[in-house]
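Chemist:
2 protein chains.
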Amino acid sequence: MPTRTAEQRRQAERAAYDAYLAACPTRKLLDEIAGKWVSLVLVALGDGPRRYSDLSRRIAGVSQKMLTQTLRVLERDGLVRREVTPSVPVRVDYSLTPLGESLRALVAGFKDWAEANFDAVDAARADYDARTPDLTIEPGGAG
Amino acid sequence: MPTRTAEQRRQAERAAYDAYLAACPTRKLLDEIAGKWVSLVLVALGDGPRRYSDLSRRIAGVSQKMLTQTLRVLERDGLVRREVTPSVPVRVDYSLTPLGESLRALVAGFKDWAEANFDAVDAARADYDARTPDLTIEPGGAG
DNA sequence: CTGGATCCGTTGCGATACTG
DNA sequence: CAGTATCGCAACGGATCCAG
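For the record, the sequence lines run as chains P and U. Per the UniProt record's numbering, the first sequence runs over residues 1 to 143. Per the UniProt record's numbering, the second sequence runs over residues 1 to 143.
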């Protein structure tokens with residue numbers, strides 16, 4: 001058997017592909033905004049600068065851990081600016097950078113698409129679910 | 001214990017927010033394309049109809065499970081059309097619906113953004129990492 | 001060729017406790 | 001007020017086996 005099996009070949013391909021993905025900007029960014037809170041933080045900052053506790057209230061369902069973690073990632077990527085005011089109670093303001101604002105606009109565009117096509121997607125789902133409840137019933141009498 | 005603690009209030013808010021998110025089209029769609037392979041399948045089908053094994057080769061690193069699962073979700077949402085040809089070896093072709101094509105275009109737009117701003121993000125990351133106090137790396141061979 | 005079922009590791013995310 | 005550190009759960013994703 002001089003040739004590798006399909007499974008073995010796939011594994012090799014996966015390894016190479018994995019390395020390829022590591023250098024893919026689109027994938028990296030997609031992985032990043034894929035998080036549950038990234039887009040929410042982005043839109044929450046759309047109004048303007050917000051304090052940490054402000055964001056916590058705006059997004060409401062977020063835990064401190066996730067809010068901080070999300071903000072850290074966004075800050076590291078230059079999407080969000082973190083401004084510390086060394087008051088007695090420490091005050092920290094977060095705001096979108098121009099880069100972050102452009103991404104927010106993109107997310108908004110996505111939101112626009114989702115809302116515009118929600119009906120169609122919903123209808124498709126209902127249709128799909130109706131056609132595959134058990135894979136047994138034949139609508140209209142097929143055959 | 002007269003008033004609820006901040007933690008308790010947050011939990012109540014989270015419950016309400018969770019219900020709110022369940023009805024949010026943007027979140028649902030975002031959760032959906034957030035998957036590792038959704039966008040890849042979308043772009044892989046951009047060329048035109050593809051067979052299952054074709055997609056498997058095009059995307060290369062994907063497992064059968066994830067490819068099938070991704071295609072199922074996309075089909076259910078009316079983004080992908082599944083066409084079965086009952087040959088002796090069963091043949092299945094997948095293609096984008098107009099709805100799926102519009103989403104593909106949106107993903108392509110995102111890809112465009114990612115590539116256009118990759119340098120800026122990368123620079124921001126390098127800057128952030130350079131300013132990080134305690135990283136494992138010690139510049140200048142200090143230590 | 002297509003893809004369903006199952007086992008298993010990894011990771012995201014939430015809850016909690018603690019610090020400055 | 002604004003975080004940091006740790007534990008635990010559940011979902012995501014991959015490998016493998018099995019079936020039509």
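Every residue gets a Cβ at the ideal spot worked out from N, C-alpha and C, and that includes glycine.
So, under 8 Å CB-CB, residue 144 of chain U and residue 73 of chain U are touching, yes? Tell me the CB distance rounded to an integer number of Å.
Modeler: What is shown of chain U runs 1 to 143, which leaves residue 144 of chain U out entirely.
Chemist: Alpha carbon to alpha carbon, how far is residue 38 of chain U from residue 97 of chain U? Give it in angstroms, no decimals.
Modeler: Numbered from 1 along the second sequence, position 97 holds the residue referred to as residue 97 of chain U. Numbered from 1 along the second sequence, position 38 holds the residue referred to as residue 38 of chain U. Their Cα atoms are separated by approximately 15 Å.
Chemist: Output needed for residue 75 of chain P: all residues of its chain with C-beta closer than 6 Å, excluding positions within five of it in sequence on either side, in chain order.
Modeler: By one-based count along the first sequence, residue 75 of chain P stands at place 75. Within the same chain, residue 75 of chain P has close Cβ partners 82.
Chemist: When the cut-off is 8 Å and only beta carbons count, does residue 77 of chain P lie next to chain U?
Modeler: Residue numbering aside, residue 77 of chain P sits at position 77 when the first sequence is read from its first letter. Residue 77 of chain P counts as touching chain U.
Chemist: Are any of the Cβ atoms in chain P nearer than 8 Å to that of residue 113 of chain U?
Modeler: As a working note, residue 113 of chain U is residue 113 in the second sequence. It does; some Cβ of chain P falls within 8 Å.
Chemist: Unbroken alpha helix (DSSP H) runs of length 4 or more, entirely within the UniProt domain "HTH hxlR-type" (24 to 122) of chain U: which are they?
Modeler: Listed in chain order, the complete alpha helix (DSSP H) runs (minimum 4 residues) inside the UniProt domain "HTH hxlR-type" (24 to 122) of chain U are 25 to 33, 38 to 44, 52 to 59, 64 to 76, 98 to 116.
Chemist: According to DSSP, simplified to helix, strand and coil, what is residue 138 of chain U?
Modeler: Looking up residue 138 of chain U in the second sequence gives position 138. Confidence in residue 138 of chain U is poor, its pLDDT being 44 and thus under 50, which makes the residue's placement unreliable; the coordinate value appears in the next sentence. Coil, per DSSP.
Chemist: Step through the CB atoms of chain P and report whether any lies within less than 8 Å of the CB of residue 147 of chain U.
Modeler: Chain U is shown from 1 up to 143; residue 147 of chain U falls before or after that span and cannot be answered.
Chemist: Judging by CA-CA distance, which residue of P:62, P:85, P:40 is the nearest neighbour of residue 27 of chain U?
Modeler: Here residue 27 of chain U is taken as the residue at index 27 of the second sequence, counted from 1. Considering only alpha carbons, the answer is P:40.
Chemist: Go through its chain and collect everything with a Cβ distance to residue 90 of chain P's Cβ below 8 Å, but skip five positions before and after it.
Modeler: Taking the first sequence and counting its residues from 1, one reaches residue 90 of chain P at position 90. Hits under 8 Å: 84.
Chemist: Relative to chain U, which residues along the segment 50 to 73 of chain P have a C-beta separation below 7 Å, given in chain order?
Modeler: From the segment 50 to 73 of chain P, only 60, 61 have a Cβ closer than 7 Å to chain U.
Chemist: For chain U, is any of its Cβ atoms less than 8 Å away from the one on residue 121 of chain P?
Modeler: By one-based count along the first sequence, residue 121 of chain P stands at place 121. Yes, residue 121 of chain P counts as interfacial toward chain U.
Chemist: Please report the distance separating the alpha-carbon of residue 124 of chain P from that of residue 55 of chain P.
Modeler: Numbered from its first residue, the first sequence carries residue 124 of chain P at position 124. Numbered from its first residue, the first sequence carries residue 55 of chain P at position 55. Residue 124 of chain P and residue 55 of chain P: Cα-Cα distance of roughly 36 Å.
Chemist: Alpha carbons only, please: which of U:101, U:61, U:105, U:34 is nearest the one belonging to residue 49 of chain U?
Modeler: The residue labelled residue 49 of chain U in the question sits at position 49 within the second sequence. Per the Cα distances, U:101.
Chemist: Return no unless some Cβ of chain P is closer than 8 Å to the Cβ of residue 85 of chain U.
Modeler: Your numbering for residue 85 of chain U matches position 85 in the second sequence. By this cut-off, residue 85 of chain U is not an interface position.
Chemist: Does chain U have any CB closer than 8 Å to the CB of residue 125 of chain P?
Modeler: Mapped onto the first sequence, residue 125 of chain P falls at position 125. Cβ-Cβ to chain U under 8 Å: yes for residue 125 of chain P.
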